[in-house]
Structures are given as C-alpha cells and as structure tokens.
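Data block below; observations after.
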Amino acid sequence: MFDFLEGYDLWAAFWTTVKLTALSAVGSLIWGTLLAGMRVSPVPLMRGFGTAYVNVVRNIPLTVIIVFTSLGLFQTLNINMGADDFTTINFRLAVFGLTAYTAAFVCEALRSGINTVPVGQAEAARAIGLSFTQVLTLVILPQAFRSVVGPLANVLIALTKNTTVAAAIGVTEAALLMREMIENEAQLILIGAVFAFGYICLTLPTGLILGWVSKKVAVKR
Amino acid sequence: MTEVSVTKDAIPAADDLVVLKNVNKHFGALHVLQDIDLTIARGEVVVVIGPSGSGKSTLCRTINRLETIDSGAITIDGKPLPQEGKELARLRADVGMVFQSFNLFAHKTVLENVMLGQVKVRRTAKAEAEEKARGLLDRVGVGTQADKYPAQLSGGQQQRVAIARALAMDPKVMLFDEPTSALDPEMINEVLEVMQQLARDGMTMVVVTHEMGFARSAANRVVFMADGRIVEEATPDQFFSNPRSDRAKDFLSKILHH
C-alpha cells in the first residue's frame with residue numbers, strides 16, 4: 001500500500017523542514033525580542049522603527065517576502081548569504097525571510113507579555129539604580145516571557161507550517177517533495193495524508209510541551 | 222478659601238541632604254505640587270501627612286525622579302537631580318525607595334531580590350552580596366524566608382523584604398511611599414517597628430504615611446500637605462497638640478477623634 005514512498009527521501013525532506021523551523025525560530029526569537037525592546041524604549045526613533053517594522057512586515061504575505069528574498073536580495077542585489085551553491089543560498093534566504101516575518105509576531109506576543117508586568121516592577125527596578133537595559137533584561141522580559149509561552153507556542157506552530165512557503169524558492173523541504181510526489185504518483189489522498197501526519201508529528205508535541213512549560217514557569221503574584 | 226501661610230517650627234540642621242526649591246508639577250490641568258520648598262537634613266526623619274490627593278506621594282516620588290517636575294530644583298547631597306540616563310541611575314541607587322504595593326520582583330526569590338541591586342548596580346561579588354542580603358533579611362526578621370518567592374510571603378513580610386532590598390544599596394536617604402497602606406492591620410506594626418529601628422539608627426527618612434502613631438514617635442518633623450501645598454511644618458508634638466492652620470486642624474479632627 002505504501003509502495004509509492006519508495007525512491008523518495010521523506011526523512012531528508014522533513015529534516016530540512018525541522019532545520020528551517022529551528023533556525024528561524026531562534027532567529028525570530030532574538031530579532032523579535034530586540035524589536036519588542038525597541039517598541040517599549042524611551043527613544044522615539046527606536047519606538048518608531050519598531051512600530052513601522054511590525055506593521056509593514058506582518059501585513060505582507062509570507063510568499064511575497066520569501067520570493068523577494070530570492071528575486072530581490074539574491075538575484076538583484078547579489079546578496080548570497082555567504083554561500084556559493086544554490087541549495088545553501090536558497091535555504092539561508094528562506095531562513096532570513098521566515099525570521100524577518102515571524103519576528104513581527106514574536107514581538108507583538110512579547111509586547112502583550114510586557115503589558116502584563118505591573119508598572120511597579122519597573123519602578124522598583126529603576127529605584128534601585130538599574131539602567132533601562134537592565135530593567136528590561138533582568139526584570140521585565142523574564143516575567144513577560146513567562147506569561148507568553150502559550151502565545152509563542154502558537155507562533156512556533158504557525159512558523160513550522162509556514163516553512164512550506166520556502167518551496168516557492170526551491171528549498172527541498174517537505175512541501176516541495178509532496179508536490180513532486182503528487183505529480184509522479186497516482187496516490188493523491190495517501191500522499192496528502194502522509195505529509196499532513198508528518199506536520200502533525202512536528203507541531204503537536206510543540207504545543208503540548210510548551211503548554212506544560214507555560215504552567216511550570218508562570219509567575220505567581 | 223483663605224490662604225494659609227506656611228508656618229515653620231523645626232529648624233533644619235546645616236547639613237542638608239535633600240533640598241527641594243520652588244518645585245511645581247502638573248498632571249494635566251491639576252496642579253499637584255505648588256511651589257514646594259522642603260529641606261531634609263542628614264539623619265532627619267520627616268513624615269509627610271495629608272488628605273488623599275494632596276500630592277504627598279507625588280512629592281515623595283519626585284525625589285528620585287520617578288515623577289518628573291515641571292519647574293524648580295531638587296538637589297540631593299549638593300548635586301542637582303540628573304536627567305535620564307546613567308547619572309540618574311547612579312543617583313537612584315543612593316536613594317532607597319519603599320512602595321505601597323511592595324513591588325518585589327515576582328520572578329526572583331527573596332534572597333535574589335535583595336542581591337540584585339548589589340550585584341548588577343554596585344558590582345559586588347555574589348558571595349559578599351549574599352552574605353549582606355542574609356544579614357539584612359535577619360535584621361528585618363525574615364531571614365528564614367530567604368529562598369521563598371514573594372507571592373509565598375505575607376504582606377508584612379514582603380514589605381520588610383522591600384525595606385531590606387532598599388537598604389542593601391547603602392542608601393543615603395530612604396523614601397517610604399505609604400508603606401503600610403496596603404497591609405492588614407495586624408501586619409502594620411511589624412513594618413513600623415523595622416522603620417522605627419531604622420530611624421533610631423540614624424537613617425535619613427522621608428515617610429509618607431497615615432500612621433499618626435509613627436509620626437508622633439519617630440518623626441523629627443511633620444510636614445502637612447493639602448491641595449498640592451505644604452501647609453504646615455512642625456515638630457510632631459507641636460503639630461498634633463497645637464496645629465496652627467485651619468486645614469490641619471480640620472484634618473486632625475477627622476482622623477484623631479473617633
């Protein structure tokens with residue numbers, strides 16, 4: 001019944017999906033945190049940049065962003081992300097695009113977490129002489145992160161599924177393999193089911209584990 | 222309404238630590254601080270009392286610039302209060318503050334709360350900071366709670382930890398913004414006792430409070446505020462037994478006789 005799977009390397013395809021997800025997740029967590037820091041900073045220029053970035057990037061379809069990384073950044077501006085073979089260049093461009101896009105959502109999730117931290121926490125931190133950056137990194141963000149583990153899990157699940165868009169610029173992840181298999185084999189429904197199952201295997205544990213973490217790290221007030 | 226001139230009795234010592242000159246502040250249309258002149262000498266305990274909305278908390282918070290002022294000048298130990306930035310952070314480290322709602326860092330243990338400022342601001346070694354933190358927690362009577370989180374402590378215990386956290390910075394002056402107002406009645410005394418002890422040890426203190434007993438027993442001077450102005454300054458004895466302004470008489474009659 002599963003003969004149609006022969007000759008295709010599903011593991012390699014899903015492994016690329018996992019790598020795309022993991023690298024973009026780390027990247028967007030870092031960049032998203034910096035953006036959130038900018039959006040609450042006392043410097044108007046930084047606040048303006050953070051707000052503009054989020055509102056522009058989250059309103060552009062991901063496909064447009066990913067295609068732009070290839071056509072705009074690579075083919076027009078010759079930014080090759082430090083690689084010379086197309087496979088690596090496209091992979092890195094996809095990670096870059098996914099990071100840029102997902103960071104906007106991480107930033108907003110985190111900012112709503114910052115809003116759950118009582119003002120008094122920041123006042124007390126300033127009152128003992130901590131600088132703005134110290135107040136943010138030592139007192140506000142640790143509490144904000146703990147309150148948004150759930151929303152961040154949503155972002156991570158969305159990111160896992162969004163990696164399928166990387167197929168648009170030829171990154172050989174699961175969705176690209178699926179398209180190829182559907183073209184070559186007469187097993188549309190089964191192939192669809194196999195790949196759907198593959199994605200669920202990736203995202204379901206993410207949700208469950210982070211749900212548990214969320215309860216574990218919640219700040220008691 | 223008749224203007225009541227400010228009457229002064231207690232003469233501050235020459236060694237002035239905190240000086241407010243002609244300070245004004247507005248919240249929108251509300252003129253919360255009106256021409257405030259106040260001098261606090263080293264080692265002096267000044268208690269600020271007055272009705273709600275009189276600006277006493279705001280006054281307290283301007284001293285470490287948690288509230289900015291519109292005009293006037295504030296100096297601490299001879300230095301004018303800096304604008305935002307590193308200078309201001311350095312000054313705040315020297316000014317301890319205790320809040321009505323405790324504001325202990327909720328994600329850190331009691332011990333970590335008292336160590337944070339020492340390690341991150343004063344750059345004290347961890348072992349040394351911990352030793353000092355444990356000493357201070359013992360001093361305020363919560364030494365056995367060091368490894369708990371703030372939410373596991375009673376209000377009175379939390380407020381004593383907050384006092385220890387402020388003391389850990391070796392402040393020149395301590396500001397108390399209604400430190401007992403959020404506490405259950407039976408916990409008020411344990412906090413006031415710690416404050417009494419601090420006062421006896423010679424700490425310079427500015428205390429905004431409704432605790433008249435504390436004002437009587439620990440204050441060197443009582444400052445009475447109403448409608449954004451300092452209406453009367455006097456020694457506690459004089460103020461409570463023989464207030465001179467009508468506003469103060471009215472206020473005291475409402476809180477003392479029932």
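If you're matching them up, the sequences are chains A and B in order. At position 75 of the first sequence (counting the first as 1) the number is 75 in this note's numbering, and the numbers step up by one without a gap. To get this note's numbering, take the position in the second sequence, counting from 1, and add 221. We treat Cβ as the ideally placed atom computed from N, Cα and C, and that holds for glycine. All values derive from a computational prediction rather than experimental measurement.
| query | result |
| --- | --- |
| Once DSSP output is grouped into helix, strand and coil, what is the label at residue 248/B? | strand |
| Looking at the structure shown, is residue 231/B part of a helix, part of a strand, or coil, going by DSSP? | Low local confidence applies: a pLDDT of 49 at residue 231/B is under 50, so the model's placement there is unreliable, with the coordinate-based value given in what follows. Coil, per DSSP. |
| Does the region 423-434 of chain B come close enough to the region 389-402 of chain B to have 3 or more Cβ pairs within less than 8 Å? | yes |
| Determine the direct distance from the alpha carbon of residue 281/B to that of residue 399/B, and round the result to whole angstroms. | 10 Å |
| Which of the three DSSP states is assigned to residue 284/B in this structure? | coil |
| Distance, Cα to Cα, residue 36/A vs residue 107/A? | 5 Å |
| Along chain B, which residues have their Cβ under 7 Å away from the Cβ of residue 139/A? | 326 |
| Smallest Cα separation from residue 332/B: which of 374/B, 305/B, 315/B? | 374/B |
| Starting from residue 292/B, trace the alpha helix (DSSP H) in both directions and tell me its first and last residue. | Taken as a continuous stretch (DSSP letters only), residue 292/B belongs to no alpha helix (DSSP H), being part of the beta strand (DSSP E) at 292-297. |
| Rounded to whole angstroms, what is the Cα-Cα separation between residue 347/B and residue 248/B? | 42 Å |
| When DSSP labels each residue in this structure, what does residue 445/B get in the three-state scheme? | strand |
| Below 8 Å on the Cβ atoms is my contact criterion, and I expect residue 376/B with residue 405/B to pass it. Report the Cβ-Cβ distance as a whole number of Å. | 6 Å |
| Using the three-state DSSP reduction, which class does residue 19/A fall into: helix, strand or coil? | helix |
| Residues bridged to residue 451/B by DSSP? | 446/B |
| Who are residue 149/A's beta bridge partners in DSSP? | None; residue 149/A has no bridge partner. |
| Using a Cβ cut-off of 8 Å (strictly closer), state whether residue 179/A contacts chain B. | no |
| So, using beta-carbon positions, are residue 171/A and residue 100/A closer together than 8 Å? | no |
| Which of the three DSSP states, helix, strand or coil, is assigned to residue 403/B? | coil |
| Whose C-beta lies closer than 6 Å to the C-beta of residue 302/B among residues of the same chain, with five residues either side of it excluded? | 286, 295 |
| I'd like the span of the alpha helix (DSSP H) that includes residue 318/B, first residue to last. | Per DSSP, residue 318/B belongs to no alpha helix (DSSP H); it is in the beta strand (DSSP E), 316-319. |
| Is the Cβ of residue 231/B closer than 8 Å to any Cβ of chain A? | Because the pLDDT at residue 231/B is just 49, under 50, the model does not fix this residue reliably, and the point stays unresolved. |
| In this structure, what does DSSP give as the bridge partners for residue 301/B? | 296/B |
| Express the C-alpha separation of residue 470/B and residue 305/B in angstroms, rounding to a whole number. | 40 Å |
| Would residue 220/A pass as an interface residue toward chain B - the criterion being a Cβ-Cβ separation below 8 Å? | yes |
| Hey, quick one: how far does the beta strand (DSSP E) through residue 460/B stretch, first residue to last? | Looking at the DSSP string, residue 460/B is not in any beta strand (DSSP E); the run it does join, the alpha helix (DSSP H), is 457-462. |
| Under 8 Å between C-beta atoms, does residue 361/B make it to chain A? | no |
| Taking C-beta pairs closer than 9 Å, name the residues in chain A that residue 287/B reaches, listed in chain order. | 123, 126, 127 |
| Answer with yes or no whether the minimum CB distance from residue 310/B to chain A is below 8 Å. | yes |
| Which residues of chain A have a Cβ atom closer than 9 Å to the Cβ of residue 305/B, listed in chain order? | 42, 132 |
| Please state the DSSP three-state secondary structure of residue 36/A. | helix |
| In this structure, does DSSP put residue 410/B in helix, strand or coil? | helix |
| Which chain B residues are close to residue 146/A, counting only those with a beta carbon under 9 Å from its beta carbon? | 328 |
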